[in-house]
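Numbering (my numbering), first residue to last: 58 to 218.
In this text, a Cβ means the ideal position worked out from N, Cα and C, and glycines have one as well.
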């Protein structure tokens, strides 16, 4: 089998950031897939499933209710490696364009308290596997990257070569 594009990125150089993973033509439009990389692959521990699951519920709910992006959100969900999330938006975007949206979403997750949306047996197939305090922690940690994105020695908006 031919290696897919995301497996051609050098994960030994990849750092937390916001990257365009791919752009796909769908009918007359474009769907942009973003790599919201929250941890340094193969260097740092990965996130546990409970906090990943909580971030997924909170992030998806935030995006599907966002006044500007709710109708442009195709998907938000975790990477299998548990080092970040994929965000798919209808439209042709670059990383810097969505930085305010991603920052706003993670600010919401970092500050969130109370019941996690959809965390009930009626709404979710694994509703007990949620960890809100750790979701808050990881969101706060990622916000440090997002808010200081231009201060890093290597770009955190384009994949490393």
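Option in the options with minimal Cα separation from residue i
i	options	result
residue 82	183, 95, 148	148
residue 201	64, 189, 156, 180	156
residue 211	60, 63, 62, 70	70
residue 167	67, 195, 122	195
residue 80	91, 73, 74	91
residue 191	105, 144, 182	105
residue 199	95, 112, 151	95
residue 125	154, 218, 68, 216	154
residue 142	88, 150, 76, 215	76
residue 171	129, 162, 193, 152	193
residue 88	207, 152, 218, 146	146
Secondary structure of residue i, DSSP reduced to three states
i	result
residue 197	helix
residue 94	strand
residue 68	coil
residue 210	coil
residue 163	helix
residue 106	helix
residue 179	coil
residue 156	helix
residue 190	helix
residue 204	helix
residue 99	coil
residue 61	coil
residue 112	helix
Which residues DSSP lists as bridging residue i, in chain order
i	result
residue 117	Beta-bridge pairing links residue 117 to no other residue.
residue 89	80, 146
residue 133	144
residue 74	94
Other residues of its chain near residue i: CB distance less than 8 Å, five sequence neighbours each side excluded
i	result
residue 204	160
residue 132	143, 144, 145
Sequence-distant residues of the same chain with beta carbon closer than 6 Å to residue i, five excluded per side
i	result
residue 178	184
residue 176	184, 187
residue 174	114, 118
residue 197	167
Close-in-space but distant-in-sequence residues of the same chain around residue i (CB under 7 Å, 5 per side omitted)
i	result
residue 3	Because the chain in this structure spans residues 58 to 218, residue 3 falls outside the shown range and cannot be described.
residue 102	none
residue 140	94, 95, 96, 98, 103
Distance between beta carbons of residue j and residue i, contact taken as under 8 Å
i	j	result
residue 97	residue 135	That belief does not hold up - the Cβ atoms of residue 97 and residue 135 are roughly 17 Å apart, past 8 Å.
residue 68	residue 99	6 Å
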